[in-house]
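Enquirer: Numbering (this note's numbering), first residue to last: 14 to 517.
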Amino acid sequence: MIETILLITTSVLVYFIVKVVFPPWSFPKNIPTIPFYVTFLGTFFDLDQEDIFELYLRKPMEKYGAVKIYFGSRWNILISQPELLAQIFKDEDTFAKSGNQKKIPYSVIAAYTGENVISAHGELWKLFRRTIMPGLQFFDYSPISKNAKSFCSLISDKLVVPIVPNELSVEKQLIHRKTGTIRMPELIQKLTLANITEVALGFNMGVLTDQNCELHLRLKNVKAHIFKSLYLNFPFLDKFPIPSRQRVRAEVEDFRRQLMDEVQRNMVENYNYEQTSFASSDLIRGFKKGELTRSQLVDNIVIILVAGHENPQLILTSCFYMLGKYKYNWQERLRREILQNKDMKLSELPLMNSFIYECIRMYPPLSQIINRLTSNICVLGRDIVIPKDTYVGYNVYGTGRLKSVWGPTANLFKPERWGTTINEIMSEWKHKKNSCAMSAFHGGRRVCLGEKLALAEVRITLAEMLKRFEWSLAPGWPEKMTSAGPLCPLNLQLEITELNESTS
14 MIETILLITT SVLVYFIVKV VFPPWSFPKN IPTIPFYVTF LGTFFDLDQE DIFELYLRKP
74 MEKYGAVKIY FGSRWNILIS QPELLAQIFK DEDTFAKSGN QKKIPYSVIA AYTGENVISA
134 HGELWKLFRR TIMPGLQFFD YSPISKNAKS FCSLISDKLV VPIVPNELSV EKQLIHRKTG
194 TIRMPELIQK LTLANITEVA LGFNMGVLTD QNCELHLRLK NVKAHIFKSL YLNFPFLDKF
254 PIPSRQRVRA EVEDFRRQLM DEVQRNMVEN YNYEQTSFAS SDLIRGFKKG ELTRSQLVDN
314 IVIILVAGHE NPQLILTSCF YMLGKYKYNW QERLRREILQ NKDMKLSELP LMNSFIYECI
374 RMYPPLSQII NRLTSNICVL GRDIVIPKDT YVGYNVYGTG RLKSVWGPTA NLFKPERWGT
434 TINEIMSEWK HKKNSCAMSA FHGGRRVCLG EKLALAEVRI TLAEMLKRFE WSLAPGWPEK
494 MTSAGPLCPL NLQLEITELN ESTS
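(1) List the DSSP bridge partners of M494.
(2) Starting from S111, follow the beta strand (DSSP E) in both directions and report where the run begins and ends.
(3) Using the three-state DSSP reduction, which class does E304 fall into: helix, strand or coil?
(4) Which word fits W38, buried or exposed, when buried means at least 16 other C-beta atoms lie within 10 angstroms of its C-beta?
(5) Please classify F151: does DSSP put it in a helix, a strand, or coil?
(6) Just the C-alpha distance for T46 and R414, rounded to the nearest angstrom, thanks.
(7) Spatial neighbours of G406 within its chain, please: CB distance less than 7 Å, with the 5 preceding and 5 following residues excluded, ordered by chain position.
(8) Following the continuous beta strand (DSSP E) through Y339, name the residue where it begins and the one where it ends.
(9) So, using beta-carbon positions, are Y410 and E63 closer together than 9 Å?
(10) Find the nearest neighbour of I44 within the set P73, A467, K301, judged by alpha-carbon distance.
(11) Applying the 10 Å Cβ sphere with the 16-neighbour rule, what's the burial state of P118?
(12) Between the C-alpha atoms of R142 and V130, what's the straight-line distance to the nearest angstrom?
(13) Considering only residues of the same chain and omitting the five flanking positions on each side of T52, which have a CB-CB separation below 7 Å?
(14) Return yes when the Cβ of T474 is within less than 9 Å of the Cβ of L204, no when it is not.
(15) In chain order, what are the residue ranges of uninterrupted beta strand (DSSP E) at least 3 long that sit wholly in the region 239 to 269?
(16) I think Q271 touches E199, with their Cβ atoms under 8 Å apart; what is that distance to the nearest whole Å?
(17) Span of the alpha helix (DSSP H) holding C372?
(18) If I follow the unbroken beta strand (DSSP E) through S485, where does it start and stop?
(19) Ends of the beta strand (DSSP E) at I399?
(20) Under a Cβ-count criterion, where at least 16 other Cβ atoms within 10 Å of its own Cβ denotes burial, should M280 be classed as buried or exposed?
(21) Exposed or buried, F57, counting other C-beta atoms within 10 Å across all chains shown (16 or more means buried)?
(22) Could you check whether the region 440 to 453 touches the region 368 to 377, counting it as contact only if at least three pairs of C-beta atoms, one from each stretch, sit closer than 8 Å?
(23) Kindly indicate which residue of T107, K358, P95 has the alpha-carbon position closest to the one of K446.
(24) Please report the distance separating the alpha-carbon of L425 from that of I314.
(25) Pull up the distance between the alpha-carbon of N324 and that of A207, whole angstroms please.
(26) Using only the alpha-carbon positions, how far apart do R458 and E511 sit?
(27) In the DSSP assignment, what are the bridge partners of N408?
(28) With distance defined between alpha-carbon atoms, name the residue in I316, F268, D106 nearest to A213.
(29) P428 to L250, Cα distance in whole Å?
(30) How big is the Cα-Cα spacing for L137 and Q100?
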């Protein structure tokens, strides 16, 4: 009996050493190996994604452009050099998209999003893209403006006027404005969820008006558990009957079912899909014509909502953070630009757009993306030989901090690096995307379909906030980023004060 236990223990230990501690022998020997434990340090220590990158990834990635890294129950090749990104974006047949539904089909996160326009490859991806793209490129901006105003009203309702002594003069009492410390994550999520459901799915669920909106509560609950660092790094654990993961899986199924019930009620039963041009309308029509299966319909509607609310949420969170951090510089400058150019389109304001682009450079919504699978043995760059069936990914955060691309100020927040005039700024943004120095919205044919919508949401919301409030980072809020998964300030809190009407 003891011998059997020792044999099993030894076998498990050998398997762990062979499969986890060291990369496969077939992996390239001319790039560094990041210690296997690095990607889950945030689970056990008070380290965020910036800390981990600085401690373990920056130097080897800057020197070699690629490293071997353990993530998602396997060893992968991770790159950061723009020329290497350009190669994988261009040669999509060799570096084929392979999402969680293929990489880790047994995982909870795969059950969350399924096979969709982001993860699919080949003809299936072309079908999804052709169906979804029109609704995400041509849309009504008015719900975004309406929701930005509602968002500001929700914030205003949480602020209070400080109590002042009665003996103060009326003039002195008037200077006391509504103020307070606000926890931002849930409010921002409500805003972006309202935007994507109204603009892309075609219906208003009352996310910003109903405190007990069921879909928001379900989504909030799922997101609180799905991005746990331990399960992102060891998704094979989802194969085991772990009670907490079984509960999360059931919550994911409930969320998807609730979302499709809303689509059925608001778009299908009333035939609204036949009379509208929302992304959901096109998907439903594709399903009715037999071009899409029921599963493909559901997966793509889910990913529109999930990615369509999450990316703007992350960008907005980082923008609010940077405006709070640079209150007496960039916040005041942007507010002045908006108030002095009320007749100009927000997309034409130089300071606003350079500020947003710089926030995205420094804090891309997804810091690391590993979703390309080599279809055959290949050479990356000049001499990095990668075996077949190897996952290749890119560190977006690292690319945005490369001194060889962004100069000696790569780690500094400098929106002026994008240019002075709006033409210079837009030209530089386009150039950096085309050269793969800016990969937050991916690249090549697989460029993010929601970029236009996300940037519109960010511009409109920031403009409304700047007209109504001023803010700084809340005293006592620990200035840290998330430890794994999506990248943004962790549990951001702001000290917000409402502006007088004469000011705004």
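Backbone N, C-alpha and C fix where the C-beta goes; we use that ideal spot for every residue, glycine too.
Expert: On the basis of the data shown:
(1) P502
(2) Element bounds for S111: n/a, residue is neither H nor E.
(3) coil
(4) exposed
(5) coil
(6) 20 Å
(7) N89, L91, Q381, I382, I383, N384, R385
(8) Per DSSP, Y339 belongs to no beta strand (DSSP E) and is neither H nor E.
(9) yes
(10) P73
(11) exposed
(12) 6 Å
(13) I82, Y83, F84, N246
(14) yes
(15) none
(16) At roughly 18 Å, the Cβ-Cβ gap does not stay under 8 Å, so Q271 and E199 are not in contact.
(17) 363 to 375
(18) 482 to 486
(19) 397 to 399
(20) buried
(21) exposed
(22) yes
(23) P95
(24) 38 Å
(25) 14 Å
(26) 44 Å
(27) Q381
(28) I316
(29) 43 Å
(30) 22 Å
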